[in-house]
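Below you'll find the structure, written out as structure tokens, and then a few comments.
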Amino acid sequence: MPGTFYGNYDERNQDYASVNNANNGRFPLGHYLVLPDGRKYQFALNDGTAEVAGRLYQCVATVANHTNVAADAARAIDAIVISATLGATAAAIDIYSEGTVHINDATGEGYTYRIRRALTAGRAHEAAASSGVLTVNLEANEMVQVALAAATSEMTFTRNRFHAVLIHPSPPTSLLAGVSPGVAAANRFYWSQVYGAAAVLADGTLVVGDQCIPSDATDGAVEPRNFTLTEAAPNTLDGTQEGPHVGVVKNINATTEEALIFLDLDLGT
Numbered sequence: 000m001p002g003t004f005y006g007n008y009d010e011r012n013q014d015y016a017s018v019n020n021a022n023n024g025r026f027p028l029g030h031y032l033v034l035p036d037g038r039k040y041q042f043a044l045n046d047g048t049a050e051v052a053g054r055l056y057q058c059v060a061t062v063a064n065h066t067n068v069a070a071d072a073a074r075a076i077d078a079i080v081i082s083a084t085l086g087a088t089a090a091a092i093d094i095y096s097e098g099t100v101h102i103n104d105a106t107g108e109g110y111t112y113r114i115r116r117a118l119t120a121g122r123a124h125e126a127a128a129s130s131g132v133l134t135v136n137l138e139a140n141e142m143v144q145v146a147l148a149a150a151t152s153e154m155t156f157t158r159n160r161f162h163a164v165l166i167h168p169s170p171p172t173s174l175l176a177g178v179s180p181g182v183a184a185a186n187r188f189y190w191s192q193v194y195g196a197a198a199v200l201a202d203g204t205l206v207v208g209d210q211c212i213p214s215d216a217t218d219g220a221v222e223p224r225n226f227t228l229t230e231a232a233p234n235t236l237d238g239t240q241e242g243p244h245v246g247v248v249k250n251i252n253a254t255t256e257e258a259l260i261f262l263d264l265d266l267g268t
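Letter 90 of the sequence shown, counting from 1, is numbered 89 in numbering that gives the first Met the number 0, and no numbers are missing.
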């Protein structure tokens with residue numbers, strides 16, 4: 000399970016190969032690296048494209064055909080596997096390693112279970128064909144709490160936030176996963192910065208001390224969170240640019256250049 004590693008400044012620049020299989024790294028996904036100055040990073044797996052330094056990344060968007068899918072078989076209390084029949088989208092081996100399956104409707108609803116880490120290929124789950132059955136193995140000591148009913152219990156599979164991250168499209172389509180230091184080749188593990196001062200591509204005119212959000216026009220960039228409060232409607236935001244909080248502007252540079260942002264993206268895994 001993720002923990003915390005206190006390392007030196009150069010540790011954030013390491014580009015790690017996978018261990019045993021492509022979905023297994025030196026540390027669990029989301030594992031923290033804390034530098035001597037307090038900056039925080041989390042262990043991430045890059046997608047099939049080399050990283051770009053100073054870009055804001057996000058996790059893989061939810062797959063519609065892996066959402067709200069019905070259990071193919073009943074599972075008793077204390078079961079350590081859960082399975083469902085997918086829609087018309089295949090699932091590659093171990094893509095849900097260190098992710099979750101939650102029961103979103105009917106029998107057993109309201110419970111969330113962590114999927115096992117893929118220390119060897121297939122340990123989290125085998126590949127599942129389009130419209131086939133996906134069977135996931137739960138993490139050690141993680142067990143079904145309310146029995147699941149075949150064809151009735153409905154569930155959703157969600158990847159770990161740091162599995163196969165990509166530069167956020169504008170606007171983002173999923174949870175943010177930090178800012179890249181720009182060291183990892185395609186399909187490599189690296190440290191994604193989530194807290195503290197970081198150079199990030201700017202889109203628009205930033206102001207020191209103001210909040211920023213992901214850009215809705217430039218992939219991987221941040222833009223100002225602009226809003227005004229009108230006298231006529233003091234409790235109503237006028238002209239707000241919506242988006243998740245990224246951080247606070249610490250120093251400005253011109254649009255299309257990298258500004259210094261104090262990140263505050265520490266959201267777990």
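Cβ coordinates follow ideal geometry from the N, Cα and C atoms, glycine included.
Best match in the options for proximity to residue i [C-alpha to C-alpha]
i: Phe4; options: Ala184, Ile94, Arg25 and Thr254; result: Arg25
i: Asn140; options: Arg116, Phe161, Ser130 and Thr134; result: Arg116
i: Ile251; options: Ala163, Val206, Asp93 and Ala220; result: Val206
i: Gly208; options: Leu174, Leu262 and Glu256; result: Leu262
i: Val62; options: Val100, Ala220, Val247 and Asn22; result: Val100
i: Gly29; options: Met0, Ala126 and Pro170; result: Met0
i: Gly98; options: Ala220, Ala201, Arg122 and Gly107; result: Arg122
i: Thr255; options: Leu264, Ser214 and His244; result: Ser214
i: Thr134; options: Gly109, Ser82, Thr106 and Thr155; result: Ser82
i: Ala197; options: Ser169, Ala149, Leu264 and Pro171; result: Leu264
i: Ser96; options: Arg113, Asp77 and Gly47; result: Arg113
i: Gln13; options: Ala220, Phe188 and Ala253; result: Phe188
i: Pro27; options: Gly107, Val193, Arg160 and Val248; result: Arg160
i: Val51; options: Ser191, Lys249 and Val248; result: Ser191
Between the CA atoms of residue j and residue i - distance to the nearest angstrom
i: Glu222; j: Val143; result: 43 Å
i: Ser152; j: Leu165; result: 32 Å
i: Thr235; j: Cys211; result: For Thr235, the predicted structure reports a pLDDT of 48, less than 50, and the residue's modelled location is therefore unreliable. A value from the coordinates is still provided. Distance between the alpha carbons of Thr235 and Cys211: 20 Å.
i: Lys39; j: His124; result: 31 Å
i: Pro180; j: Ala72; result: 44 Å
i: Ala184; j: Arg11; result: 14 Å
i: Glu241; j: Asn23; result: 35 Å
i: Thr66; j: Asp104; result: 11 Å
i: Ala176; j: Ala120; result: 25 Å
i: Gly203; j: Val182; result: 26 Å
i: Asn225; j: Gln41; result: 29 Å
i: Gly246; j: Leu259; result: 10 Å
i: Val132; j: Ile102; result: 16 Å
i: Leu228; j: Ala126; result: Reliability fails at Leu228, whose pLDDT of 47 lies under 50, so the model's placement of it is uncertain and no value is given.
i: Asp93; j: Thr157; result: 12 Å
i: Pro243; j: Met154; result: 26 Å
i: Pro233; j: Ala128; result: Residue placement at Pro233 cannot be trusted, given a pLDDT of 49 that sits under 50; what the coordinates show is reported in the next sentence. Whole-angstrom Cα-Cα distance: 54 Å.
i: Cys58; j: Asn19; result: 23 Å
i: Ala149; j: Thr106; result: 9 Å
i: Gly219; j: Ser17; result: 25 Å
i: Leu118; j: Thr111; result: 22 Å
i: Ala49; j: Val248; result: 27 Å
i: Pro170; j: Gly195; result: 23 Å
i: Val178; j: Gly109; result: 32 Å
i: Ala253; j: Val193; result: 23 Å
i: Thr172; j: Ala91; result: 21 Å
Whole-angstrom C-beta distance between residue j and residue i, which should lie under 8 Å
i: Val68; j: Thr88; result: Wrong, their Cβ atoms sit about 10 Å apart, outside the cutoff.
i: Gly2; j: Leu32; result: At roughly 11 Å, the Cβ-Cβ gap does not stay under 8 Å, so Gly2 and Leu32 are not in contact.
i: Gly86; j: Asn64; result: 3 Å
Opposing strand residues paired with residue i [DSSP bridges]
i: Glu153; result: Ala69 and Asp104
i: Thr84; result: Val132
i: Glu257; result: Leu200
i: Leu147; result: Arg74
i: Leu55; result: Val178
i: Arg122; result: Per DSSP, none; premise fails for Arg122.
i: Asp263; result: Tyr194
i: Phe188; result: Tyr15 and Leu44
CB contact flag (residue i, residue j, <9 Å)
i: Leu147; j: Ala70; result: yes
i: Ala21; j: Asn186; result: yes
i: Leu174; j: Leu266; result: yes
i: Leu44; j: His167; result: no
i: Gly53; j: Val199; result: yes
i: Tyr15; j: Pro35; result: no
i: Glu257; j: Ala201; result: yes
i: Val145; j: Ile79; result: no
Interface flag, residue i vs chain B, CB-CB below 9 Å
i: Ala123; result: Structure shown: chain B not included; a single protein chain is present.
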